[in-house]
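*Asks:*
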Amino acid sequence: MEVGMFFILFILFGLALFILNIATSVWAYRDSKRKGNSQGFTLVVLLGTLFFPVVGLIVYLIIRND
Numbered sequence: 685m686e687v688g689m690f691f692i693l694f695i696l697f698g699l700a701l702f703i704l705n706i707a708t709s710v711w712a713y714r715d716s717k718r719k720g721n722s723q724g725f726t727l728v729v730l731l732g733t734l735f736f737p738v739v740g741l742i743v744y745l746i747i748r749n750d
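If you count by my numbering, then the sequence shown holds residues 685 to 750, one letter each, in order.
1) When the Cα atoms are used, what is the spatial distance from phenylalanine 735 to isoleucine 692?
2) Which residue comes first and which comes last in the alpha helix (DSSP H) that contains asparagine 705?
3) Would you check if the distance between the CB atom of lysine 719 and the CB atom of arginine 748 is smaller than 8 Å?
4) Got a sec, what are the start and stop residues for the alpha helix (DSSP H) phenylalanine 725 sits in?
5) Valine 743: which of Gly724, Ala700, Ala712 and Asn721 sits nearest, CA to CA?
Written out as structure tokens, the structure reads:
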């Protein structure tokens, strides 16, 4: 039973990280679009944050224009 509980917690943790990744990617995309950036740039932001979640979000937060 112990292994089953560990497996369930592992799956739930992975699912939570996946949902957080999707949420931050959508937020970065909408934020970039709202700031008036080009469609190409917003697509790069979306793909960058989807495939490189931590690094992509940090880079976007640094280069976005406030």
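Glycine is no exception: its CB is placed at the ideal position from the N, C-alpha and C atoms.
All of these numbers come straight from a predicted model, not from anything done at the bench.
*Replies:* Result, derived from the coordinates:
1) The straight-line gap from Cα to Cα measures roughly 25 Å.
2) Its alpha helix (DSSP H) spans residues 686-718.
3) yes
4) In the DSSP annotation of this structure, the continuous segment of the alpha helix (DSSP H) that includes phenylalanine 725 starts and ends at 723-735.
5) Ala712
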